[in-house]
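Q:
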Amino acid sequence: MLWNWHTIDACFLANTWHVRTKGQFAGSCIGVFFLVLALEFVRRAQREYDRSIVSQWQGPGDKETVQAKESGRGSANPPRRPTLLQHLVRCLFFTSQLCAAYIVRSSVGLYAFVY
1 MLWNWHTIDA CFLANTWHVR TKGQFAGSCI GVFFLVLALE FVRRAQREYD RSIVSQWQGP
61 GDKETVQAKE SGRGSANPPR RPTLLQHLVR CLFFTSQLCA AYIVRSSVGL YAFVY
């Protein structure tokens with residue numbers, strides 16, 4: 001791969017994303033920055049959603065059960081699984097993360113290198 005110094009009159013990701021001026025290039029860089037911010041927001045939202053699912057499962061006696069299990073005195077709890085709706089929401093989080101990360105990686109890679 002070679003370093004690309006030519007940012008004007010270049011296509012990124014698709015033929016419709018054609019940078020013709022320095023202002024369009026700067027706008028593209030700013031747009032990628034905000035896309036990364038949105039990606040991190042979605043990642044944080046997914047972690048918070050997963051924590052809320054786990055907190056719904058935990059009851060008042062779960063901490064004692066975990067401590068007894070770690071010390072070898074208790075029996076293991078049956079596995080808990082998310083409901084279908086919870087799983088679909090988690091899938092949407094993951095899919096949006098994957099798509100945004102792919103676009104960010106592709107756009108950053110195209111700014112820096114010529115394939």
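Residue 1 is where the sequence shown starts when you use UniProt numbering, and the numbers rise one by one after that. A virtual CB, placed ideally from N, CA and C, is assigned to each residue, including glycine.
(1) Is it true that the CB of Ala100 sits closer than 7 Å to the CB of Leu37?
(2) On a Cα-Cα basis, can you pick out the residue from Glu48, Phe41, Ser52, Ile8 that is closest to residue 154?
(3) With a threshold of 16 other CB atoms inside 10 Å of the CB of Ser28, please say whether the residue is buried or exposed.
(4) Which residues bound the beta strand (DSSP E) around His18?
(5) As a quick exercise: from Gly23, Leu35, Arg51, Thr83, pick the residue whose alpha carbon is nearest that of Arg105.
(6) Leaving out the 5 sequence neighbours to the left and right, which residues in its chain are closer than 8 Å to Trp57 when beta-carbon positions are compared?
(7) Locate the alpha helix (DSSP H) running through Arg44, then write down its first and last residues.
A: So, from the listed chains and residues:
(1) no
(2) With the chain covering 1 to 115 only, the question about residue 154 has no answer from this structure.
(3) So Ser28 ends up on the buried side.
(4) 14-19
(5) Leu35
(6) Arg80
(7) 22-57
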